[in-house]
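Sequence order for the protein chains is V and H. Read left to right, the first sequence gives residues 12 to 295 (the numbering used here). Read left to right, the second sequence gives residues 788 to 949 (the numbering used here). For every residue, glycine included, the Cβ atom is placed at its ideal position computed from N, Cα and C. No experiment lies behind these values; they were computed from the predicted model shown. Quick notes on the structure that follows.
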Amino acid sequence: MVKELFRPAGKEEAVALLTEHQGKAKVLAGGTDLVVLLRAGKVTPEIVVSLNRIDELRSLSFNPDDGLRIGALVTHSELIENDDVRARYPVLVETGKTIAGPPVRNAASVAGNLCHAAPSADFAPPFLALDASVVLFGPGGERTVPLNEFFLGPNQTALAGDEILTEIRVPTPTEGSGANYQKLGIRSAMEIAMVGVAASMTVNNETCSMVRVALGAVAPTPFLVKSAAAAVEGNAPSAEVFARAGEAAAAESKPIDDIRASGTYRRKMVAVLTRRALAQASSR
Amino acid sequence: MKGEAGMECTLNVNGRTHTLLVRPDETLLDALRDRLHLTGTKEGCGEGDCGACTLQVDGRAVNACLLLAADAEGRDIRTVEGLVQDGDLNPVQEAFVDSGGIQCGFCIPGMIMSADALLRSNPDPSDQEIQEALAGNLCRCTGYIKIFQSVRAAAEAMAGSK
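Pasting the structure below:
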């Protein structure tokens, strides 16, 4: 039973509350994951610490030197509608549009999608493919963690009990680079991914470089598939090369059977979606 | 097990200020319906999947079942009751009535709040944009054709009256 809701005005105050109530507190941003869990009794914190009065966490900005900086409270809708994101990171726009529906996107924070760390979190593969990192703030101050070190297990991240994520950072895309996210499902909205594949690469002089392939919903965490990227790196973009990468990605995936799909089907679809994501990324 | 309604919060709903006592984990949906008796906003699934509880916060369509009432302080909350102007239905409400967009009516306040939010930011939406704007609102009465037609009629009525 929640005994108290705190609404601190600054991140230091928020962290102090988390330190004081460590183990008994949950952090609230958009609420589209936490409030569902609270109402279902699946989490039972005594204390909820809302971040929603901390205005510095609403910032969303881009500049060519620092790249894209997404504050912890920036919503899915705000990200999708931002001109810099649309121009430079179209993969984030197309990913955001696959998530839930407008009322959820208007409330849900992008950072929350990563912090809740569902194995199928749709923003995880694209941010992994874009080489993003996250800034964590705790009693000891700030630390930056590469996103590929952030996911530790289903709903488990590198966040300590007294830390909050304050910002997602994405490097400026290199000239000639493109990225794509493929989400497998049976509906066109309000759906959790059966399989998610993101690919990113730079193509110059008919050669693929800086290739990254990330998978979601087919393992305990979203993850980068090094073998798939290696199959493409240094080669000219072609259907054959992408098909080999698809096979490599499928071999490394560990999908389970669940109500949405069987593991066997998911593994086959990893190969298909990896080919498609690579083809789309190479043509941007 | 529910805790005490011991947290005071001030909510700005449909342009009026209300101070009330809520539980810390009480949703905006429950506070509006049970304490302010604004029952136009409905509970369908209670977990953000059906959209029956859609209302507008700071002009954006959101699910009231996913917001904590005490965390909605300081924000501009508008429910379907707040669309009525001087006793008249607003153009979106009127269009749903005139176009036969309403069957049992349960999903309709949520549909109207999503449609109204759409038309405020995009007065001339394509058919695709109307469908996408309502993607978070489910109708179980066979909906959706007349609902989309109602939104189209509302857009035309609002354009025509300028």
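Exercise for the section: Using DSSP bridges, identify the partner residues of THR86 (chain V). Expected result: Residue 86 (chain V) sits at position 75 when you count from the first residue of the first sequence. DSSP, once it has assigned bridges, lists V:SER120 as partnering THR86 (chain V).
Practice task
Compare the C-beta of GLU244 (chain V) with all C-beta atoms of chain H and state if any pair is closer than 7 Å.
Solution key: In the first sequence, the residue the question calls residue 244 (chain V) occupies position 233. No - not a single Cβ of chain H is within 7 Å of the one on GLU244 (chain V).
Handout entry: Cα-Cα separation between VAL214 (chain V) and VAL252 (chain V), rounded to whole angstroms
Key = By 1-based counting over the first sequence, the position of residue 214 (chain V) is 203. By 1-based counting over the first sequence, the position of residue 252 (chain V) is 241. Roughly 14 Å between the two C-alpha positions.
Practice task
Quick one: grab the DSSP three-state call for GLY207 (chain V).
Solution key: Position 196 of the first sequence, counted from the start, is the residue given in the question as residue 207 (chain V). DSSP places GLY207 (chain V) in the strand class (E or B) of the three-state scheme.
Exercise for the section: Could you work out which residue in V:GLY227, V:ALA143 and V:VAL243 is closest to ASP77 (chain V) when comparing CA atoms only? Expected result: Here residue 77 (chain V) refers to the residue found at position 66 when the first sequence is read from its first residue. With distances taken between Cα atoms, ASP77 (chain V) lies closest to V:ALA143.
Practice task
Determine the chain H residues that contact ALA111 (chain V) at a beta-carbon separation under 9 Å, and present them in chain order.
Solution key: Position 100 of the first sequence, counted from the start, is the residue given in the question as residue 111 (chain V). Going along chain H in sequence order, the residues near ALA111 (chain V) (Cβ under 9 Å) are GLY835, ASP836, ALA922 and GLY923.
Handout entry: Residue of V:GLY42, V:ARG99, V:VAL104 and V:VAL146 minimising C-alpha distance to ILE179 (chain V)
Key = Taking the first residue of the first sequence as position 1, residue 179 (chain V) is located at position 168. Taking only the C-alpha atoms, the option nearest ILE179 (chain V) is V:VAL146.
Exercise for the section: Inspect the beta-carbon positions of ALA292 (chain V) and MET212 (chain V) and report whether they are closer than 7 Å. Expected result: As a first step, residue 292 (chain V) is located in the first sequence; it is residue number 281 there, counting from the start. As a first step, residue 212 (chain V) is located in the first sequence; it is residue number 201 there, counting from the start. Going by C-beta atoms, ALA292 (chain V) is nearer than 7 Å to MET212 (chain V).
Exercise for the section: Using a Cβ-Cβ cut-off of 7 Å, state whether LEU823 (chain H) counts as contacting chain V. Expected result: Working through the second sequence from its first residue, we reach residue 823 (chain H) at position 36. No, no contact with chain V.
Problem - ALA118 (chain V): contacting residues in chain H (beta-carbon distance under 9 Å) - result: Numbered from 1 along the first sequence, position 107 holds the residue referred to as residue 118 (chain V). GLY835, VAL844, ARG847, VAL849, ASN850, LEU853 and LEU854, listed in chain order.
Practice task
Would you verify that the beta carbon of THR841 (chain H) is, or is not, closer than 7 Å to some beta carbon of chain V?
Solution key: Position 54 of the second sequence, counted from the first residue, corresponds to residue 841 (chain H). Yes, its Cβ sits closer than 7 Å to a Cβ of chain V.
Problem - chain V within 7 Å of ALA941 (chain H), Cβ atoms only - result: As a working mapping, residue 941 (chain H) is identified with position 154 in the second sequence. Not an interface residue.
Problem - Of the residues H:SER901, H:ALA922 and H:VAL938, the one placed nearest ALA828 (chain H), counting alpha carbons only - result: Counting from 1 along the second sequence, the entry for residue 828 (chain H) is found at position 41. Looking at the sequence provided, one finds Thr at residue 828 (chain H) rather than Ala. Among H:SER901, H:ALA922 and H:VAL938, the Cα nearest to that of THR828 (chain H) is on H:SER901.
Exercise for the section: Would you decide whether LEU176 (chain V) is buried or exposed? Buried here means 16 or more other CB atoms lie within 10 Å of its CB. Expected result: Mapped onto the first sequence, residue 176 (chain V) falls at position 165. That one is buried.
Exercise for the section: Using a Cβ-Cβ cut-off of less than 8 Å, give me the residues of the segment 189-205 of chain V that come near chain H, in sequence order. Expected result: SER199, ALA200 and MET201
Practice task
Take the Cβ of PRO878 (chain H) as the centre, count every other Cβ of all protein chains shown within 10 Å, and call the residue buried at 16 or more, exposed below.
Solution key: As a working mapping, residue 878 (chain H) is identified with position 91 in the second sequence. Classification of PRO878 (chain H): buried, given that the 10 Å Cβ count is 16 or more.
Exercise for the section: Could you confirm whether any beta carbon from chain H is found closer than 7 Å to the beta carbon of ALA15 (chain V)? Expected result: As a position in the first sequence, residue 15 (chain V) is number 4, starting the count at 1. Residue identity differs from the one stated: residue 15 (chain V) is Glu in this sequence, not Ala. Output row for GLU15 (chain V): interface = yes.
Practice task
Tell me, please, whether the CB atom of ALA857 (chain H) is closer than 7 Å to any CB atom in chain V?
Solution key: On the second sequence, position 70 is the one that residue 857 (chain H) refers to. For ALA857 (chain H), the answer is yes, since a Cβ of chain V falls inside 7 Å of its Cβ.
Practice task
Determine the DSSP secondary structure at ASN801 (chain H), reduced to helix, strand or coil.
Solution key: In the second sequence, residue 801 (chain H) corresponds to position 14, counting from 1. DSSP, read as helix, strand or coil, puts ASN801 (chain H) in coil.
Practice task
Would you mind stating whether THR43 (chain V) and VAL102 (chain V) have Cβ atoms separated by less than 7 Å?
Solution key: One-based indexing of the first sequence puts residue 43 (chain V) at position 32. One-based indexing of the first sequence puts residue 102 (chain V) at position 91. Their beta carbons are not under 7 Å apart, which means THR43 (chain V) does not touch VAL102 (chain V) by this criterion.
Exercise for the section: Report the option in V:ALA171, V:PRO165, V:GLY245 and V:GLN167 whose CA atom is closest to the CA atom of GLU153 (chain V). Expected result: Residue 153 (chain V) sits at position 142 when you count from the first residue of the first sequence. The residue with the shortest Cα to Cα distance from GLU153 (chain V) is V:ALA171.
Problem - Same chain, Cβ closer than 7 Å to THR106 (chain V), neighbours up to 5 away in sequence not counted - result: Start at 1 with the first residue of the first sequence, and residue 106 (chain V) comes out as number 95. Closer than 7 Å at Cβ, skipping near neighbours: ASP133, PHE134, PRO137 and TYR192.
Exercise for the section: Reducing DSSP to helix, strand and coil, say where CYS891 (chain H) ends up. Expected result: Looking up residue 891 (chain H) in the second sequence gives position 104. DSSP places CYS891 (chain H) in coil when its eight states are reduced to three.
Handout entry: PRO137 (chain V): first and last residue of the uninterrupted alpha helix (DSSP H) it sits in
Key = Start at 1 with the first residue of the first sequence, and residue 137 (chain V) comes out as number 126. Segment 135-140, the alpha helix (DSSP H) holding PRO137 (chain V).
Handout entry: Status (buried if at least 16 other CB within 10 Å, exposed otherwise) for ALA51 (chain V)
Key = Within the first sequence, numbered from 1, the residue matching residue 51 (chain V) stands at position 40. So ALA51 (chain V) counts as exposed.
Exercise for the section: Count the other C-beta atoms from every protein chain shown that fall within 10 angstroms of the C-beta of ALA859 (chain H), then say buried if there are 16 or more, exposed otherwise. Expected result: Along the second sequence, read from residue 1 onward, the residue named residue 859 (chain H) stands at position 72. It is buried - the Cβ of ALA859 (chain H) has at least 16 other Cβ atoms within 10 Å.
Exercise for the section: Spatial neighbours of GLU830 (chain H) within its chain, please: CB distance less than 7 Å, with the 5 preceding and 5 following residues excluded, ordered by chain position. Expected result: Within the second sequence, the letter at position 43 stands for residue 830 (chain H). These residues qualify, in order along the chain: LEU816, ALA839, CYS840 and CYS852.
Exercise for the section: In the DSSP assignment, find the unbroken alpha helix (DSSP H) run with LEU147 (chain V) in it and report its ends. Expected result: Indexing the first sequence from 1 puts residue 147 (chain V) at position 136. Taken as a continuous stretch (DSSP letters only), LEU147 (chain V) belongs to no alpha helix (DSSP H), being part of the beta strand (DSSP E) at 144-149.
Problem - Meets three-Cβ-pair contact criterion under 8 Å: the segment 923-934 of chain H and the segment 885-895 of chain H - result: A contact between stretches requires three or more CB pairs, one per stretch, nearer than 8 Å, and the segment 923-934 of chain H meets this requirement with the segment 885-895 of chain H.
Handout entry: Environment of ARG810 (chain H) [buried if 16+ CB atoms lie within 10 Å]
Key = Residue numbering aside, residue 810 (chain H) sits at position 23 when the second sequence is read from its first letter. Flag for ARG810 (chain H) reads buried.
Handout entry: Distance CB(VAL85 (chain V))-CB(VAL26 (chain V)) smaller than 7 Å
Key = Here residue 85 (chain V) refers to the residue found at position 74 when the first sequence is read from its first residue. Here residue 26 (chain V) refers to the residue found at position 15 when the first sequence is read from its first residue. For VAL85 (chain V) and VAL26 (chain V), no; Cβs fall outside 7 Å.
Handout entry: Endpoints, beta strand (DSSP E) assigned at GLU153 (chain V)
Key = Along the first sequence, read from residue 1 onward, the residue named residue 153 (chain V) stands at position 142. That run of the beta strand (DSSP E) goes 152-157.
Practice task
Would you please state the rounded distance, in angstroms, between the beta carbons of SER61 (chain V) and LEU90 (chain V)? I believe it to be under 8 Å.
Solution key: Reading the first sequence from its first residue, position 50 is the one you call residue 61 (chain V). Reading the first sequence from its first residue, position 79 is the one you call residue 90 (chain V). Not confirmed; about 21 Å, so no contact.
Problem - Selection from H:ARG939, H:ARG803 and H:ALA920 that minimises the alpha carbon distance to SER199 (chain V) - result: On the first sequence, residue 199 (chain V) is found 188 positions in, with the first residue counted as 1. Checking every option, the nearest Cα to that of SER199 (chain V) belongs to H:ALA920.
Practice task
Identify every residue that forms a DSSP beta bridge with TYR192 (chain V).
Solution key: As a working note, residue 192 (chain V) is residue 181 in the first sequence. DSSP lists V:ALA209 as partners of TYR192 (chain V).
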